[in-house]
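According to the UniProt record's numbering, the residues represented by the sequence shown are 1 to 179, in order. Don't be surprised by glycine CBs; every beta carbon is placed ideally from N, CA and C. Below is one structure, written out as structure tokens, with a few remarks after it.
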Amino acid sequence: MNHFKHPNESRVVSTDQVLVNDLNNYNTLFGGVLMKKLDNNATLSARRHARVKECVTASTDSIDFLVPIRQTDSVCIESFVSYTGNKSMEIFCKVIAEDMLTGERKIAATAFLTFVALDTDKRPITVPSIVPESKEELFLFESGSKRANMRRQRREHSQELTEIIGLEKPWERIKEGSY
Numbered sequence: 001m002n003h004f005k006h007p008n009e010s011r012v013v014s015t016d017q018v019l020v021n022d023l024n025n026y027n028t029l030f031g032g033v034l035m036k037k038l039d040n041n042a043t044l045s046a047r048r049h050a051r052v053k054e055c056v057t058a059s060t061d062s063i064d065f066l067v068p069i070r071q072t073d074s075v076c077i078e079s080f081v082s083y084t085g086n087k088s089m090e091i092f093c094k095v096i097a098e099d100m101l102t103g104e105r106k107i108a109a110t111a112f113l114t115f116v117a118l119d120t121d122k123r124p125i126t127v128p129s130i131v132p133e134s135k136e137e138l139f140l141f142e143s144g145s146k147r148a149n150m151r152r153q154r155r156e157h158s159q160e161l162t163e164i165i166g167l168e169k170p171w172e173r174i175k176e177g178s179y
């Protein structure tokens with residue numbers, strides 16, 4: 001196995017139309033519908049990079065919704081591995097909305113998701129590192145360690161939080177007066 005790969009080797013591009021049942025009460029694409037599409041694309045990029053049967057989503061680091069996506073738009077999602085740790089892969093996703101009537105294109109959203117590749121015993125495995133080629137890939141790679149550090153800090157905070165928050169049902173706390 002190569003010890004490195006280019007982001008282009010993990011690139012996945014998918015395009016979909018926006019259907020009426022994908023719309024919220026503002027007649028724009030539901031955020032959750034887009035999140036599912038992002039996770040599907042990112043999973044394929046992670047599996048393509050690691051060449052494994054299974055990759056699991058370790059975190060959805062961020063999704064920035066930049067412009068609304070309407071029913072007249074197509075939704076193009078491009079994803080690729082932008083940064084790697086020893087056993088984790090950061091996947092960058094960009095969403096391009098294209099108005100099918102006018103041809104106007106806009107970056108509608110960006111997202112970072114982190115995946116871990118698993119072996120046949122469901123244990124994390126080491127993944128190839130990344131060698132960026134394009135200006136976009138280089139920018140994402142060079143800022144990747146900063147995002148990885150923020151993920152570590154957020155994970156530590158989440159672990160601290162789990163030691164403080166309770167497991168009781170909310171209505172039980174109200175009854176006990178500890179709400």
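Is it right to say Ile164 is buried, meaning 16 or more other beta carbons lie within 10 angstroms of its own, or is it exposed? To locate residue 164, count along the sequence shown from 1; it is residue 164. Exposed, by the Cβ-count rule.
Helix, strand or coil at Thr60 according to DSSP, with G and I counted as helix: The sequence position of residue 60 within the sequence shown is 60, counting from 1. It is a strand residue.
Per DSSP, the bridge partner or partners of Leu44: Sequence index remark: in the sequence shown, residue 44 carries index 44 (1-based). For Leu44, which the question treats as bridged, DSSP gives no partner whatsoever.
Verify whether the separation of the beta carbon atoms of Ser10 and Val81 is less than 7 Å. Here residue 10 refers to the residue found at position 10 of the sequence shown. Here residue 81 refers to the residue found at position 81 of the sequence shown. Yes, they are a contact pair.
Residues of its chain near Thr84, where Cβ-Cβ distance is below 6 Å and the 5 sequence neighbours each way are ignored: Here the question's residue 84 lines up with position 84 in the sequence shown. Answer for Thr84: Val127, Ser129, Ile130, listed in chain order.
The stretch 103-118 touching the stretch 51-61, judged by at least three CB pairs closer than 8 Å: yes
Suppose contacts are defined by Cβ-Cβ distances below 7 Å. Is Ile91 in contact with Ser45 by that definition? Taking the sequence shown and counting its residues from 1, one reaches residue 91 at position 91. Taking the sequence shown and counting its residues from 1, one reaches residue 45 at position 45. Yes, the pair counts as a contact, with Cβ atoms nearer than the cut-off.
C-alpha gap between Glu78 and Glu172, whole angstroms: For the purposes of this step, residue 78 is taken as the residue at position 78 of the sequence shown. For the purposes of this step, residue 172 is taken as the residue at position 172 of the sequence shown. Rounded to the nearest angstrom, the two C-alpha atoms are 46 Å apart.
Mind checking whether Thr15 and Cys93 have CB atoms under 7 Å apart? What you label residue 15 is simply residue 15 of the sequence shown in a count that begins at 1. What you label residue 93 is simply residue 93 of the sequence shown in a count that begins at 1. Taking 7 Å as the Cβ cut-off, Thr15 and Cys93 do not qualify as a contacting pair.
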